[in-house]
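Okay, so the sequence shown: first residue is 27 according to the numbering used here, each after it adds one.
In this text, a Cβ means the ideal position worked out from N, Cα and C, and glycines have one as well.
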Amino acid sequence: MENLVILGSGCAGLTAAIYAARANLNPLVLEGAQPGGQLITTSEVENFPGFPEGVDGFELTQRMRSQAEKFGTRFEFASVESADLSAERKVLLCEGRDIECAALIIATGASPRLMNVPGEKEMYGGKGVSACATCDGAFYRGKEVAVIGGGDSAAEEALFLTRFASKVTLVHRRGELRASTIMARRVQEHPKIDLAWHSVVEEMLAGDDGKARGMRLRDVRDGSTRELPCQGIFLAIGHVPNTAPFAKDLERDGEGYLKQIPGSNVKTKVPGVFVAGDCADPHYRQAITAAGMGCQAAIEAERYLV
Ligand code: NAP
């Protein structure tokens with residue numbers, strides 16, 4: 027039986043691993059479907075303390091991983107399909123095998139939210155619809171692209187895409203960005219970025235080759251529609267927490283975020299099961315707050331185990 031299993035290898039999971047390994051808890055990290063978590067899809071992190079020049083998201087993750095390895099953390103590529111947390115020995119079903127553990131830190135993060143409009147599913151992942159500008163932006167050199175959303179992610183994606191695209195249209199359903207003031211100003215002042223305000227996507231349109239050629243937008247004020255030509259469509263409308271395997275034993279809120287017990291940031295109602303990062307944080311969702319929760323979860327796991 028494992029002593030401590032940490033699910034997820036983003037900021038929260040890796041910070042938990044650093045603390046747990048340093049406390050001799052011999053943690054095993056199951057890396058999940060996207061090793062490194064959401065940060066590896068971020069071009070530059072400007073607000074992580076200690077990096078006044080900014081740091082590449084992938085590099086920051088790699089540094090955390092090396093630090094966790096240095097203290098003896100073990101890593102395995104595996105994702106949890108279901109879990110039984112009802113007994114003292116927690117059981118995780120991972121791709122056909124059971125892993126048992128005495129304590130568990132769930133740091134499974136969140137996945138990009140999709141729009142569920144016609145055309146999206148068919149073109150997602152390779153045919154012009156993406157949720158990661160850092161991964162796919164370079165394919166759109168000299169082309170016109172659109173980003174959907176009005177938060178910090180949308181602003182960041184739009185700004186990043188200006189490096190490649192000839193034009194970036196930010197499509198937002200309201201007349202004001204949710205993004206922080208500094209990001210919103212950069213977007214609004216950028217000569218390559220157009221803003222399509224009060225616009226919702228009705229359909230993503232494919233060309234004869236099956237690849238994206240544009241979108242049909244509807245103006246929510248008067249119901250009028252128009253076509254926006256674009257060869258790349260980037261979704262930045264938020265994330266959905268990856269918590270389905272724990273629905274049986276842990277409480278979740280209406281959006282699927284794992285709930286903590288009153289008075290704790292990381293304890294769940296099941297003794298020995300702790301949460302950290304975006305799977306349990308609907309409020310802040312920052313790299314630094316995820317790291318902070320990872321630290322808290324590891325300290326609580328140590329108190330539980332020792
Ligand atoms: P978010 O802040 O929740 O913003 C999601 C955006 O998508 C909102 O503008 C929302 O519109 C829009 N939206 C949601 N569902 C939609 C739908 N079905 N159709 C059309 N539009 C839809 O998410 P986020 O931008 O991913 O940011 C998440 C968290 O990470 C935030 O706390 C953010 O500050 C943080 N973050 C920080 C940085 C940074 O500091 N550099 C970078 C990225 C993310 P409404 O505005 O109308 O609700």
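Going by the DSSP bridge assignment, what does residue i pair with across the sheet?
{"i": "Val246", "result": "According to DSSP, Val246 bridges with nothing at all."}
{"i": "Ile180", "result": "Sequence check: residue 180 is Ala here, not Ile. Answer is none; Ala180 lacks a bridge partner."}
{"i": "Val333", "result": "A query on residue 333 cannot be resolved here, the shown segment of the chain reaching from 27 to 332 and no further."}
{"i": "His265", "result": "Pro138"}
{"i": "Tyr150", "result": "Val155"}
{"i": "Val31", "result": "Leu54, Leu130"}
{"i": "Leu284", "result": "Arg278"}
{"i": "Val174", "result": "The question names Val, yet the displayed sequence has Ile at residue 174. Note: Ile174 sits in a beta bridge opposite Val197, Leu261."}
{"i": "Ala302", "result": "None, per the DSSP bridge assignment."}
{"i": "Lys169", "result": "Paired residues: none, contrary to the question."}
{"i": "Arg252", "result": "Leu243"}
Kindly indicate which three-state DSSP category residue i falls into: helix, strand or coil?
{"i": "Gly89", "result": "Checking the displayed sequence, the identity of residue 89 turns out to be Arg instead of Gly. Looking at Arg89 - three-state DSSP - the assignment turns out to be helix."}
{"i": "Cys127", "result": "strand"}
{"i": "Asp220", "result": "strand"}
{"i": "Asp110", "result": "strand"}
{"i": "Glu328", "result": "helix"}
{"i": "Gly258", "result": "strand"}
{"i": "Pro68", "result": "It is Thr, not Pro, that sits at residue 68 in the sequence shown. The answer is coil: DSSP assigns Thr68 none of H, G, I, E or B."}
{"i": "Arg278", "result": "strand"}
{"i": "Leu203", "result": "coil"}
{"i": "Val213", "result": "helix"}
{"i": "Glu121", "result": "coil"}
{"i": "Glu95", "result": "helix"}
{"i": "Thr188", "result": "coil"}
{"i": "Asp82", "result": "strand"}
{"i": "Thr41", "result": "helix"}
{"i": "Arg100", "result": "strand"}
{"i": "Thr294", "result": "coil"}
{"i": "Phe77", "result": "coil"}
{"i": "Ala323", "result": "helix"}
{"i": "Arg405", "result": "This structure leaves residue 405 out entirely; the chain is present only between 27 and 332."}
{"i": "Ala238", "result": "strand"}
{"i": "Ala232", "result": "strand"}
So, are the CB atoms of residue i and residue j less than 9 Å apart?
{"i": "Pro75", "j": "Ile314", "result": "yes"}
{"i": "Ala18", "j": "Tyr283", "result": "In the structure as shown, the chain begins at 27 and stops at 332. Residue 18 is therefore absent and cannot be evaluated."}
{"i": "Leu54", "j": "Gly34", "result": "no"}
{"i": "Ile263", "j": "Val155", "result": "no"}
{"i": "Glu70", "j": "Gly80", "result": "yes"}
{"i": "Gly289", "j": "Ala302", "result": "no"}
{"i": "Ala205", "j": "Ala164", "result": "no"}
{"i": "Cys161", "j": "Thr87", "result": "no"}
{"i": "Ala109", "j": "Phe300", "result": "no"}
{"i": "Ala238", "j": "Ala46", "result": "no"}
{"i": "Leu221", "j": "Leu196", "result": "yes"}
{"i": "Gly145", "j": "Glu229", "result": "yes"}
{"i": "Asp275", "j": "Pro308", "result": "no"}
{"i": "Gly176", "j": "Leu203", "result": "yes"}
{"i": "Val171", "j": "Ala191", "result": "yes"}
{"i": "Val328", "j": "Leu65", "result": "Checking the sequence, you will find Glu at residue 328 rather than Val. Not in contact: Glu328 and Leu65 (Cβ atoms no closer than 9 Å)."}
{"i": "Leu331", "j": "Leu30", "result": "yes"}
{"i": "Pro267", "j": "Gly83", "result": "no"}
{"i": "Val173", "j": "Arg199", "result": "no"}
{"i": "His224", "j": "Arg247", "result": "yes"}
{"i": "Gly152", "j": "Ser105", "result": "no"}
{"i": "Glu326", "j": "Lys293", "result": "yes"}
{"i": "Val28", "j": "Ile125", "result": "In the sequence as displayed, the identity of residue 28 is Glu instead of Val. Yes, they are a contact pair."}
Any beta carbon of chain D sitting closer than 9 Å to that of residue i?
{"i": "Gly36", "result": "Among the chains in the structure shown there is no chain D, since it carries only a single protein chain."}
Does the Cβ of residue i lie closer than 8 Å to at least one heavy atom of the ligand COA?
{"i": "Asp178", "result": "Looking at this structure, you won't find the ligand COA anywhere; what it does contain is the ligand NAP."}
Does the segment 105-117 come close enough to the segment 238-246 that 3 or more CB-CB pairs lie under 8 Å?
-> no
Counting pairs of beta carbons, one from the segment 221-238 and one from the segment 81-95, are three or more of them closer than 8 Å?
-> no
Just checking, does the segment 211-218 make contact with the segment 180-187 on the three C-beta pairs under 8 Å criterion?
-> yes
Would you check if the segment 38-47 and the segment 121-135 touch, i.e. whether three or more CB-CB distances between them fall below 8 Å?
-> yes
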